[in-house]
Each structure stands twice: as C-alpha cells, then as structure tokens.
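Novice: Protein chains in written order, with the numbering used here: chain A, 9 to 243; chain B, 9 to 243.
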DNA sequence: CGTTATTTGTCCGTATGTATT
DNA sequence: AAATACATACGGACAAATAAC
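1. From this set, A/137, A/233, A/181, which residue's C-alpha is nearest residue 201 of chain A's C-alpha?
2. Among A/167, A/110, A/195, which has the Cα closest to the Cα of residue 137 of chain A?
3. State the start and end residues of the unbroken alpha helix (DSSP H) segment that holds residue 140 of chain B.
4. Quick one: what does DSSP say residue 182 of chain A is sitting in, helix, strand or coil?
5. Strictly by DSSP, which residues pair up with residue 158 of chain A?
6. Nearest-angstrom Cα distance between residue 116 of chain B and residue 224 of chain B?
7. Is the Cβ of residue 17 of chain A closer than 7 Å to any Cβ of chain B?
8. In whole angstroms, what separates the C-alpha of residue 127 of chain A from that of residue 219 of chain A?
9. Mind listing which residues of the segment 103-114 of chain A have their C-beta closer than 9 Å to chain B's C-betas, in chain order?
10. Would you mind giving the Cβ-Cβ distance between residue 57 of chain B and residue 47 of chain B, rounded to the nearest angstrom? I have them listed as a contact below 8 Å.
11. What are the residues that DSSP puts in a beta bridge with residue 36 of chain B?
12. Along the chain, where does the beta strand (DSSP E) that runs through residue 102 of chain B open and close?
13. Output needed for residue 109 of chain A: all residues of its chain with C-beta closer than 8 Å, excluding positions within five of it in sequence on either side, in chain order.
14. Just list the beta strand (DSSP E) runs in the segment 189-239 of chain A, keeping only unbroken ones of 3 residues or longer that don't cross its boundaries, in chain order.
15. With a 10 Å radius around its C-beta and 16 neighbouring C-beta atoms as the bar for buried, classify residue 141 of chain A as buried or exposed.
16. Around the C-beta of residue 9 of chain A, are 16 or more other C-beta atoms found within 10 angstroms, so that it is buried, or is it exposed?
17. By a C-beta neighbour count over all protein chains shown, 10 Å radius and 16 as the cutoff for buried, is residue 163 of chain A buried or exposed?
18. Taking 7 Å as the CB-CB limit, is residue 172 of chain B close to chain A?
19. DSSP three-state call for residue 82 of chain A: helix, strand or coil?
20. Using a Cβ-Cβ cutoff of 9 Å, what residues of the segment 172-189 of chain B are near chain A? List them in chain order.
21. State buried or exposed for residue 32 of chain B, treating a residue as buried only when at least 16 other CB atoms are found within 10 Å of its CB.
22. Leaving aside the five residues before and after residue 130 of chain A along the sequence, list all residues of the same chain whose C-beta is less than 8 Å from its C-beta, in chain order.
23. Applying the criterion that 16 or more other CB atoms from any shown protein chain within 10 Å of the CB defines a buried residue, is residue 26 of chain B buried or exposed?
24. Is there a C-beta anywhere in chain B that falls below 7 Å from the one on residue 97 of chain A?
25. Check whether the segment 92-105 of chain B touches the segment 139-156 of chain B, taking contact to mean three or more Cβ pairs, one atom from each stretch, closer than 8 Å.
26. On the DSSP bridge assignment, give the partners of residue 72 of chain B in chain order.
27. Helix, strand or coil, according to DSSP, for residue 111 of chain A in the structure here?
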C-alpha cells in the first residue's frame, strides 16, 4: 500500500514556476521572481527552489546569469527534443543483435528519405563539403576515432541538406548510438574501407550531377551494413 | 578573454561517479558510496555531491531512496533517448508553418516505413486493436481530447506492430508535437471526419487482408494532412 | 517485533565571488 | 561606486525512510 510516489518539493517548485509563467504570460526574455521571493512565497527552503530551477534550466525553459536574474528562454523543438545532459552515458549501453539491426534499419529509412529530399535542391557547397569529409576519412583510416568523426560529419551534412529541420535533430539524437555501433563495426575486416568506398561513390555521383545514383549508393551503403549485421545475427 | 568555461564541482562529481561505476564494474542494482563518503573522499562539500548525483538521477543513471542508498540503474536505449523531464514544456512551443510541414513530412516517412514493415507480419490482434481505436474515435468526434487520444493509440499500435523497437520510441518522442499539431488541425472544417475516414479505410483494408492497400491509405492520410498544411502555407 | 543506527531529503545560515543595475 | 541578486560552496540541524540488529 504505497503506490503513491514520493512528491519532491523541487517538482512542486518547477510546476509552480511553469504555472507562473503561463498565468502571467511571461515571454522569452522576461524574468521570474528571485530565489528568495519564491522561497518565501511558497514557504519552502531556498535549496528546494534552487533544485526546481535547476531542473527547468536543464530542460531549457530557464537560464540564469550570475549577478543577473533568472530569465525565461524560448522553447523550440530542438531544445525540447535534445537531451541536455551531454554525459557519456552511451558507454553503459549494450545493444543486442536485434537492437543493432533495428537501429541500422531505422537509420536507413530516415537517411535515405533525407538524401532524396536533399537531391531535389542540391548546392555546390554541399557537394564540396561532402567531398571534403570523404577525403578526411580516406586520410584517417588508421585513426578510428577521427574516421568516425568525419563519417558523422558526412552523414550530418546530408541530413542538413534535406532542408527538413527535424531530420538533423533526430540524427543528433541517435548519433551516439551510431558512433558506438560503427566503432564495434570497424573491427570487422575491411569495414572502414568498404564504408569509405560507398562514400566516395556518393560524392562522385553528386559531382557528376547524377543525384539519383547518389541516393542509390547511400542506400547500398546502409543496406550493406544491415546485411553484414544480419549475416552475423543469423549465424 | 574568458573563453575558459567555468568548471563546476558538481560536474567533477558526476564524472567521478561514472568512472567509479566503470572501474568497479558496478551493475544495475548496486549502490554507490554515501554522500558523506564521496564528500570526504573528494574533499568537497555535501552540496556539490548532491548536485552531481542529482544530474545523474535526471539522466537516469542513478536513483535514490530516502533512508536507503543511491543505486545504479540500467541504461537502455529508451532511457537514453527519453530521460526527458516529463515537464509539460510542449505548451510553450509555437510552430511555424514551415516547421509544421517538416514535422508531418518526417512523420509520414517514419510511419509509412513502420506500416510497410508491420504489413509483413501482421497479426489478427493488431488488426482488432486498430479497429477498436478506430471505433473509439468515431464515438468521440465531439470530444477532441479523447479523439486525439485514440488517434494516438492507433498510430502507436502501427509503430509497435513494425517489430522495430526504435520506431515506437521515436513516435513517443515526437508524440507531444503530433498532439499539439493535430489539436490545432482539428479546428479545420471536417478535419476529424476526414482523419476518421482514412483510419477506417486502413482498418477495412487490413480486415480484408489487403495489406498493400492499407499502406496506401495510411500514406494518403498523412499526405492529405501535408497537402492541407501546404495549401495554407502557400496562401 | 521493536529499537537503533544509517542514509537520504529538506531546511537554513553563512561566506565568497561575479555580474548586473 | 554601491547595492542587488545570483552562482557556488560549506556544513549543521532535523525529518523521514530504510536497514541492521
């Protein structure tokens, strides 16, 4: 008989502040009452107030400047979706074979859609940027970390070139998982060389203006990783 | 001349705890040292320790019980992607016409991919569950909140039926935005009736075993919303 | 089963530094 | 230049819940 989850004062503070902002129609740039005011108003200690404010700062709704006040920030889709922690928690994750497959399949779906959209309004700068990342990958075949970094830049560029503002956000959300996955993938024989080859094909196609072909090579790149994962998974 | 970002003691605490867990190979369920032990061990005050722990609790790596200890929790992909605060922040969001379009386009990409996958291994239970949601929608045309709730259940069911464990997570991530968007969309003339019609068509097709047709109707449903948004956007 | 010790949760006072007003 | 307000940090006191005996 204790289904009631303990209510923390800091949560009440966070709710109160949200309600205060809504009721008083505060806009981004406005500031909320001082710590002491909130503390006396709600009749609780300043520690709890600070913790409640900290939660809202972590969520992106508030921002405080030392010596200044606590200001209301604009909440946009990116700040809503993006995890603020930046803690390296992905190292605690262990993906099953099935999860690895689902991840690469989902990645393929999203990324191919982005590439098709990007192909419709491709600029020379995007092509150049992609080629640059590709060159860097070729020069860093011996440094897996750097290789992955430029690989990530390559794929991020495609997501940005789609013109859809949500796709890069999803890519960033999943990118730590991609990195972890590719890191393990890179141990396989010739995995990096194969990846590099596909990237080069995409670049070459774009430079010839053959956008459809570029989409195909990207599809093959991700399908290739999927197939190799599936092969191991089946064994 | 102050590019150096200030180092917070609480960040050091968080890093130290992460390292402690990795070095001592702590597993979910194990507990970390007490506040006092960490405090004396690192030679810093209790406040900083508590803040560092609070950050890791917010991220989902730790959990604490009053009177008990601070325990290590399991980090899986879902908790990594969705540590999010559970605060109702979406009510602060105002989407531009362009953002609404990008959102529905992205949703279409993901959801149609899920539907195609789901169609490959569809069960009678899924079909029944979808029909049930559809019936509930029809009975709640006058209650927008309930209508949206069952609409969400319908689409969630499709994501789950895909068998891909990542797609429902992405759907949940974006679902507050979908809800907000559909809420505004519901004001349009006949918007809810149109949506209901498409859902019925999907169900009917599935009940006839015509999975390809079901995929088509889902595509048309999302494309219809996109087209109507695009129409307003152009005006 | 009850008592006690331990640990976290909450509250509060204090102090120093920093940036704004 | 001074006052204000927040950031950071320390630590004591008590309450509440758990764990150990």
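C-beta atoms are modelled at their ideal positions from N, C-alpha and C, and glycine is treated no differently.
Specialist: From the atom records:
1. A/233
2. A/167
3. 132-147
4. helix
5. None, per the DSSP bridge assignment.
6. 12 Å
7. The Cβ of residue 17 of chain A sits no closer than 7 Å to any Cβ of chain B.
8. 6 Å
9. Per Cβ criterion, the list reads 103, 106, 107, 109, 110, 111, 113, 114.
10. 5 Å
11. Per DSSP, the beta bridge partners of residue 36 of chain B are B/38.
12. Per DSSP, residue 102 of chain B lies in no beta strand (DSSP E) segment and is marked neither H nor E.
13. 234, 237, 238, 241
14. none
15. Its Cβ being crowded by 16 or more others within 10 Å, residue 141 of chain A is buried.
16. Low per-residue confidence applies at residue 9 of chain A: pLDDT is 25, beneath 50, and the placement is therefore not dependable, though the value from the model is reported in the following sentence. Burial call: exposed.
17. buried
18. yes
19. coil
20. 172, 173, 174, 175, 178, 181, 182, 184, 185
21. exposed
22. By the criterion of a C-beta distance shorter than 8 Å, residue 130 of chain A is surrounded in its chain by 169, 214, 219, once the five residues flanking it on both sides are discounted.
23. Residue 26 of chain B comes out buried.
24. yes
25. As far as the Cβ criterion goes, the segment 92-105 of chain B does not touch the segment 139-156 of chain B, which means the pair count is below three.
26. B/78
27. helix
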